[in-house]
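*Asks:*
Numbering (the numbering used here), first residue to last: 6 to 400.
1) Taking contact to mean at least 3 C-beta pairs separated by less than 8 Å, is the region 169-178 in contact with the region 231-242?
2) Tell me, which residues are paired with residue 256 by DSSP?
3) By Cβ distance, which residues of its chain are closer than 6 Å to residue 393, with the 5 residues on each side in sequence left out?
4) To the nearest angstrom, how far is it from the Cα of residue 344 to the Cα of residue 293?
5) Pairing CB atoms from the region 315-327 with CB atoms from the region 282-290, are three or more of them under 8 Å?
6) Entirely within the region 114-150 and at least 3 residues each: give me those beta strand (DSSP E) ranges in chain order.
7) At a cut-off of 7 Å, is residue 376 close to the ligand SAM when judged by its beta-carbon and the heavy atoms of the ligand?
8) Assuming residue 9 and residue 28 form a contact by the criterion Cβ under 8 Å, report the distance between their Cβ atoms to the nearest whole angstrom.
9) Per DSSP, which one or two residues make a beta bridge with residue 267?
10) According to DSSP, is residue 38 helix, strand or coil?
11) Please report how far the alpha carbon of residue 24 lies from the alpha carbon of residue 93, in whole angstroms.
12) Should residue 6 go down as buried or exposed, given a rule of 16 or more other Cβ atoms within 10 Å for buried?
13) From residue 339 to residue 257, what distance separates their C-alpha atoms?
14) Could you check what DSSP says for residue 191 in three-state terms: helix, strand or coil?
15) Short check: CB of residue 356 to CB of residue 38, under 8 Å?
16) Kindly identify the DSSP beta-bridge partner or partners of residue 241.
17) Would you report the Cα separation of residue 66 and residue 379, rounded to the nearest angstrom?
18) Among residues of its own chain, excluding the 5 on either side of residue 162, which ones have a beta-carbon nearer than 6 Å to its beta-carbon?
19) Determine the extent of the beta strand (DSSP E) in which residue 17 is found, giving its start and end residues.
20) Please state whether DSSP places residue 63 in a helix, a strand or coil.
21) Does DSSP put residue 81 in a helix, in a strand, or in coil?
22) Using alpha carbons as the reference points, say which of 13, 56, 112 and 18 lies closest to residue 366.
23) Please classify residue 164: is it buried, with 16 or more other beta-carbons within 10 angstroms of its beta-carbon, or exposed?
24) Taking all protein chains shown into account, do 16 or more other C-beta atoms lie within 10 angstroms of the C-beta of residue 349, making it buried, or fewer, making it exposed?
25) If I follow the unbroken alpha helix (DSSP H) through residue 97, where does it start and stop?
26) Where DSSP assigns a beta bridge to residue 422, which residues make up the other side?
27) Can you pull the DSSP bridge partners for residue 196?
28) Just tell me which of 42, 56, 99 and 375 has its CA closest to the CA of residue 225.
29) Which complete beta strand (DSSP E) runs does the region 285-318 hold, if anything under 3 residues is left out?
30) Would you grab the beta carbon distance between residue 77 and residue 143 for me? Rounded to a whole angstrom, and I think it's under 8 Å.
31) Taking the C-alpha atoms as reference points, what is the distance between residue 112 and residue 312?
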């Protein structure tokens, strides 16, 4: 629906958990939602049909990577990012700020922007707020992100404060550039601001107030999930969402483990993205209602049933856990694809369950039940081993 303006409406709240609907130029998306990461205009190993079939409504792509290869002008000439990657639903693009942060010695930050060397060919580039905004306008996603300076966990308060102030200046520059561009705000494209401040309460407060004074279409919580413990991530998420406008969507960047989705929604988050579900899948770490398990373990060698009999994904509907283990042990590419399909469906189904619980005013009970049964790591296997040892001793 090109030409449709961006809009957000809340359908229900249950405590601080929210369910709503985003309207974008490429269709509607029910919130909360999780965005699979299509960094290079593809979710690794999966077709757009498989991603959509798993329940994805919105995908995330990265303007930094597409700027370097194949180039934003190339994508623009080929009809924009939607046509280029064969995805007809909403797309959000990250500006490249986080990628610049992760490049370490390859980049140099100043008040004007970030200079860096390409990880592909070593060529020099200078990202500024205006260029980051232009790149995203050329790609034509439904939601663009402001250029920001993410900073590593453990940085001093002075360093975090300096990065935060740059983020605030860049946010205003991005907003101004987006407002006057015919391919920006006038096209229906939304622009989100990003709150920074590290793990300092006063800085998070300041950033939330400053960024929310700019009338962005939505607001993101950035600079978390970069090394801090879970308790801090949850605490600062709560702190920021309490200060953001109630009528705008909130986006927790780079977060996507099952337990973090549930805890994030409990703290007022509407949108998530992360490469984790598909990344760990390619390493044989799969999600189940009880927690993460390692499909390469010997206990699955003769399991005729699917890994998760309650799962409706293509993998669990058609293959045994034993076969999936065999594919990983044999280093067959199909194993990576089937595992990715499963993990993606697991988190997208979880989000659907969360939304239903909010709409039915039972999210509190859902939250407690999920967190009591789901083990983030492969704790299920350790628990079963301990139970087996105990039974052996008794016998």
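Ideal Cβ positions, reconstructed from N, Cα and C, are used throughout, including at glycine.
*Replies:* The relevant details are as follows:
1) no
2) 225 and 276
3) Low confidence applies here, because residue 393 scores a pLDDT of 46, under 50, leaving its location unreliable and the question unanswered by this model.
4) 12 Å
5) no
6) 118-122, 129-132 and 148-150
7) Of the ligands one can find in the structure shown there are none, so the ligand SAM has no counterpart to examine.
8) 6 Å
9) In the DSSP output, where bridge partners are listed per residue, residue 267 has none listed.
10) strand
11) 23 Å
12) Per-residue confidence for residue 6 stands at a pLDDT of 48, beneath the threshold of 50, marking its modelled position as unreliable; the derived number appears in the next sentence. Exposed, because fewer than 16 other Cβ atoms sit within 10 Å of the Cβ of residue 6.
13) 32 Å
14) helix
15) yes
16) None, per the DSSP bridge assignment.
17) 29 Å
18) 205
19) 12-19
20) coil
21) helix
22) 18
23) exposed
24) buried
25) Where residue 97 is concerned, there is no enclosing alpha helix (DSSP H), although the beta strand (DSSP E) it sits in stretches over 96-99.
26) Residue 422 lies beyond the residue range present for the chain, which begins at 6 and ends at 400; the question has no answer from this structure.
27) 149
28) 99
29) 290-293 and 296-299
30) 4 Å
31) 44 Å
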